[in-house]
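Per the UniProt record's numbering, residue 1 is the first one in the sequence shown, and the count goes up by one each step. For each residue, glycine too, the CB sits at the ideal point set by N, CA and C.
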Amino acid sequence: MIKIDGLIKSYRNNTVLKNLTLSFDSKGIDILVGINGSGKTTLFNCICDIIPFEQGEITIHGEDRREKAAKKFMYYIPSDFYLPEYLSGREYAHFVFSRYENPDHDLFHFIIDLYHLKDRLNQKIGDYSYGMKKKLQIAIALALDVRYILADEVFNGLDYESYLLTEYLIERFATNRKFILISHNMDYISRNKQAKVHLLNKGRIENIEDISMIEEIVISNGELKNYYEQIDRFLHHNQTLNA
Ligand SMILES: Nc1ncnc2c1ncn2[C@@H]1O[C@H](COP(=O)(O)OP(=O)(O)OP(=O)(O)O)[C@@H](O)[C@H]1O
């Protein structure tokens, strides 16, 4: 289980996470939603010990997140990943595998095949497209013997077939590990009824039982209604001028 207790994280005087308490069990899919800048990536960076925070505690299977014993349970696919462009996909996968226990090489090659990347594996990552880099990261993540895979916008950059394939892989692999996904993809969220959805809003987290609530919350919290009215007034004004 990942336990987050009383987490407070600020950047100078901007408090992004305000006394956050939540936990993730070790199977299934959890999806983190929230408007741009609500702190989703910050939360992932805190969990994975990439950034420090002022207050609170995060444990992974009872181990503090900073401990090696905690890190071996997790793999993180960030949205803006900077991969070593001078390595081939194969070399990079081997580098990651060397840092974890029991990676499944057969599974890695199986997924690489599904993603049509087999012939590209010996090429430098610098020559890969954005979607190909994403697929390489997903294949590596699934081949690792980890409990938790955290992924920030994992479907971005994937063509539709690869998106559906990845959705299916995640669903099947979630029977014995946890995927915590940051996603703005409402298509994915609404299709995956078994996933738990958490909304990060103004530094606090709430569970979303009914995903139609997301639209209501976004509209009632944000400036959206105001923007809709501005667009209507703008169009009305211009149409009047052009009439
Ligand atoms: N290194 C940093 N220094 C200062 N402020 C930061 C830093 N990183 C993030 N922030 C601020 O923290 C807030 C949360 O950012 P974060 O990237 O966690 O949001 P997010 O929910 O992941 O956004 P998005 O949906 O756009 O990816 C934003 O106001 C952002 O400007």
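(request) Report yes or no: do three or more beta-carbon pairs, one from the stretch 193-208 and one from the stretch 49-56, lie closer than 8 Å? (result) No: the two stretches stay apart, fewer than three of their Cβ pairs being nearer than 8 Å.
(message) Check for me: the beta strand (DSSP E) holding Lys178 runs from which residue to which?
(response) Element bounds for Lys178: Lys178 to Ile182.
(request) Please confirm whether any heavy atom of ligand 1 lies closer than 7 Å to the CB of Gly131. (result) Checking every heavy atom of ligand 1 against the Cβ of Gly131, none is found closer than 7 Å.
(request) Have a look at Tyr11, His94 and His116 and flag the residue whose alpha-carbon is nearest the alpha-carbon of Leu144. (result) Taking Leu144 as reference, the option from Tyr11, His94 and His116 with the minimal CA-CA separation is His94.
(request) Closer than 6 Å by C-beta to Tyr150: which residues in its own chain qualify, once you throw out the five before and the five after it? Chain order, please. (result) Contrary to the premise, residue 150 reads as Leu rather than Tyr in this sequence. In chain order, Phe44, Tyr76 and Ile180 place their CB closer than 6 Å to the CB of Leu150, counting only its own chain and leaving out the 5 sequence neighbours on each side.
(message) Let me check you understand the geometry: is the CB of Thr21 closer than 7 Å to at least one non-hydrogen atom of ligand 1?
(response) The answer is no for Thr21.
(request) Taking 8 Å as the threshold, find out whether the stretch 148-165 comes into contact with the stretch 69-88 through three or more Cβ pairs. (result) Proximity of the stretch 148-165 to the stretch 69-88 meets the contact definition, three or more beta-carbon pairs being nearer than 8 Å.
(message) Could you check whether the Cβ of Thr59 sits closer than 7 Å to any heavy atom belonging to ligand 1?
(response) Flag unset: Cβ of Thr59 not near ligand 1.
(message) By the three-class DSSP mapping on this structure, what secondary structure does Met74 have?
(response) Reduced to three states, the DSSP call for Met74 is strand.
(request) Can you tell me the Cβ-Cβ gap for Leu7 and Leu17, rounded? I've got them flagged as a contact below 8 Å. (result) About 5 Å; that satisfies the 8 Å criterion.
(request) Please indicate yes or no: does the CB of Lys40 lie closer than 7 Å to some heavy atom of ligand 1? (result) Within 7 Å of the C-beta of Lys40 there is at least one heavy atom belonging to ligand 1.
(request) May I ask you to check if the CB of Ile37 is nearer than 7 Å to at least one heavy atom of ligand 1? (result) The residue you asked about is not Ile; residue 37 is Gly in the sequence shown. Because some heavy atom of ligand 1 lies under 7 Å away, the Cβ of Gly37 counts as near it: yes.
(request) Measure the Cβ-Cβ separation of Tyr86 and Lys133 and say whether it is below 8 Å. (result) Contact check for Tyr86 against Lys133 fails: the beta carbons are separated by 8 Å or more.
(message) Is any non-hydrogen atom of ligand 1 found closer than 7 Å to the C-beta of Val16, if you look at the structure I gave you?
(response) Using a cutoff of 7 Å, the CB of Val16 counts as near ligand 1, since one of the ligand's heavy atoms is closer than that.
(message) Going by DSSP, what residue range makes up the beta strand (DSSP E) through Ile32?
(response) Residue identity differs from the one stated: residue 32 is Leu in this sequence, not Ile. Gly28 to Val33 is the span of the beta strand (DSSP E), which, as asked, contains Leu32.
(message) Assuming contact is defined by CB atoms lying nearer than 8 Å, are Arg147 and Leu121 in contact in what I supplied?
(response) Going by C-beta atoms, Arg147 is not nearer than 8 Å to Leu121.
(request) Reducing DSSP to helix, strand and coil, say where Phe108 ends up. (result) The three-state reading of DSSP puts Phe108 in helix, counting H, G and I together.
(message) For Glu167, count the other beta carbons within 10 Å of its own beta carbon; 16 or more makes it buried, fewer makes it exposed. Which is it?
(response) Looking at its Cβ environment, which holds 16 or more other Cβ atoms inside 10 Å, Glu167 is buried.
(message) What I want to know is whether the C-beta of Gly157 ends up closer than 7 Å to one or more non-hydrogen atoms of ligand 1.
(response) Because no heavy atom of ligand 1 lies under 7 Å away, the Cβ of Gly157 does not count as near it: no.
(message) Measuring only the C-alpha atoms, how far is Val218 from Ile35?
(response) One C-alpha to the other measures close to 8 Å.
(request) Could you check how far apart the C-beta atoms of Phe108 and Ala139 are, in whole angstroms? I think they sit under 8 Å. (result) Between Phe108 and Ala139 the beta-carbon gap is near 5 Å, inside 8 Å, which marks them as a contact.
(request) Kindly identify the DSSP beta-bridge partner or partners of Ile4. (result) According to DSSP, which records beta bridges pairwise, Ile4 is partnered with Leu22 and Ile58.
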